[in-house]
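Worksheet for the structure shown next.
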Amino acid sequence: MNKKIFGLIGLAGYILFLAVLAAVAFKINFWLGLLVISIEMMVTCAIVVKDNKN
Numbered sequence: 005m006n007k008k009i010f011g012l013i014g015l016a017g018y019i020l021f022l023a024v025l026a027a028v029a030f031k032i033n034f035w036l037g038l039l040v041i042s043i044e045m046m047v048t049c050a051i052v053v054k055d056n057k058n
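For the sequence shown, my numbering gives the first residue as 5, with consecutive numbering after it.
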């Protein structure tokens, strides 16, 4: 039970970090924001695929 709670807290922190990073990138430049979001999606998908293999 404790592992699930810590996992959810970590996931919420990760999502919040990505949202703030994307917001800052969009304020700087629209294309930079799109680039940051696409990189975030690739990294997140790679993490999910790696976790599913184990």
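Glycine residues also receive a C-beta, built at the ideal position from the N, C-alpha and C atoms. All values reported here derive from a predicted model rather than from experimental measurement.
For residue i, the first and last residue of its enclosing alpha helix (DSSP H)
i: Asn6; result: Asn6 to Ile32
Contact belief for residue i with residue j at Cβ below 8 Å, rounded distance in angstroms
i: Leu25; j: Val47; result: Actually they do not touch by this definition, with Cβ atoms about 11 Å apart.
i: Leu36; j: Ala29; result: 5 Å
Residue i versus residue j - alpha carbon distance
i: Asp55; j: Lys8; result: 15 Å
i: Lys31; j: Tyr18; result: 20 Å
i: Ala27; j: Ser42; result: 13 Å
i: Ile51; j: Lys57; result: 10 Å
i: Leu15; j: Phe34; result: 26 Å
Proximal residues to residue i (C-beta, below 6 Å), its chain only, five neighbours per side dropped
i: Glu44; result: Leu22
Contact set for residue i: own chain, Cβ-Cβ below 8 Å, skip 5 residues either direction
i: Ile13; result: none
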